[in-house]
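As structure tokens, the structure follows; a few thoughts come after it.
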Amino acid sequence: MSDSDSDHKAHKKEKKQKRKVQSDSSSDEGVIDPTPVKKAKPSSSGGASLSKLNGKDAIDVGKNKFVSISEFNGKKFVDIREYYSDKATGEMKPGRKGIALSIDQFHIIKSNIDQIEKMYNK
Numbered sequence: 011m012s013d014s015d016s017d018h019k020a021h022k023k024e025k026k027q028k029r030k031v032q033s034d035s036s037s038d039e040g041v042i043d044p045t046p047v048k049k050a051k052p053s054s055s056g057g058a059s060l061s062k063l064n065g066k067d068a069i070d071v072g073k074n075k076f077v078s079i080s081e082f083n084g085k086k087f088v089d090i091r092e093y094y095s096d097k098a099t100g101e102m103k104p105g106r107k108g109i110a111l112s113i114d115q116f117h118i119i120k121s122n123i124d125q126i127e128k129m130y131n132k
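If you're matching positions, the sequence shown starts at 11 in this note's numbering and goes up one per residue.
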């Protein structure tokens, strides 16, 4: 084995140790995410923010849950879905937990929001 091979292996081992030390740290200081997925924009909708999620407009309602408009078989739906961060790419992807409401179903919920709040506050 040549000196350059052993130098290369030592350099790799040093990099691995640095990476492990960084991941053991409880602080995120100095860690930069190279692929930001969503960009929050200020909104007047009570704390929810408008984001870009996989190229589509989406409203972030917290805890990785988003409301967006989807289309299936030529029909539009109000999609309320939980997303997860893909560990391999860092990209936000839709999870299995979610619901797609037709526009009629959405309007029923919207027109009954007072009743829903009363039920919630009981």
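Glycine included, each C-beta is placed from N, C-alpha and C at the ideal position. Remember, predicted model here, so these are calculated numbers, not experimental data.
Using the Cα positions of residue i and residue j, report the straight-line distance between them to the nearest angstrom.
| i | j | result |
| --- | --- | --- |
| K128 | F116 | 18 Å |
| V77 | I119 | 14 Å |
| A98 | K132 | 44 Å |
| S61 | R106 | 20 Å |
| Q32 | G108 | Because the pLDDT at Q32 is just 46, under 50, the model does not fix this residue reliably, and the value given afterwards should be weighed accordingly. Each residue's Cα considered, the two are about 35 Å apart. |
So what does DSSP say about residue i, is it helix, strand or coil?
| i | result |
| --- | --- |
| D114 | helix |
| G124 | In the sequence on display, residue 124 carries Asp and not Gly. D124 falls in the helix class under three-state DSSP. |
Only counting the same chain, and skipping five residues up and downstream in sequence, which positions put a Cβ closer than 6 Å to that of residue i?
| i | result |
| --- | --- |
| N64 | none |
| D89 | S78, S80, A110 |
| S35 | Only weak support exists for where S35 lies, its pLDDT of 45 falling under 50; the coordinates are left without a value. |
Might you give, ordered along the chain, the residues of its own chain that have their beta carbon closer than 7 Å to the beta carbon of residue i, omitting 5 neighbours on each side?
| i | result |
| --- | --- |
| V71 | A58, V77 |
Output needed for residue i: all residues of its chain with C-beta closer than 8 Å, excluding positions within five of it in sequence on either side, in chain order.
| i | result |
| --- | --- |
| K75 | I90, R91, E92, Y93 |
| K85 | S112 |
| I69 | S53, S55, A58, S59, L60, S61, F76, V77, S78 |
Can you tell which of the options has the C-alpha that lies nearest to the C-alpha of residue i?
| i | options | result |
| --- | --- | --- |
| N83 | S112, R106, D67, G105 | S112 |
| K66 | K85, K73, K103 | K103 |
Taking 9 Å as the CB-CB limit, is residue i close to chain C?
| i | result |
| --- | --- |
| H117 | The question asks about chain C, but that chain is absent: this structure has only one protein chain. |
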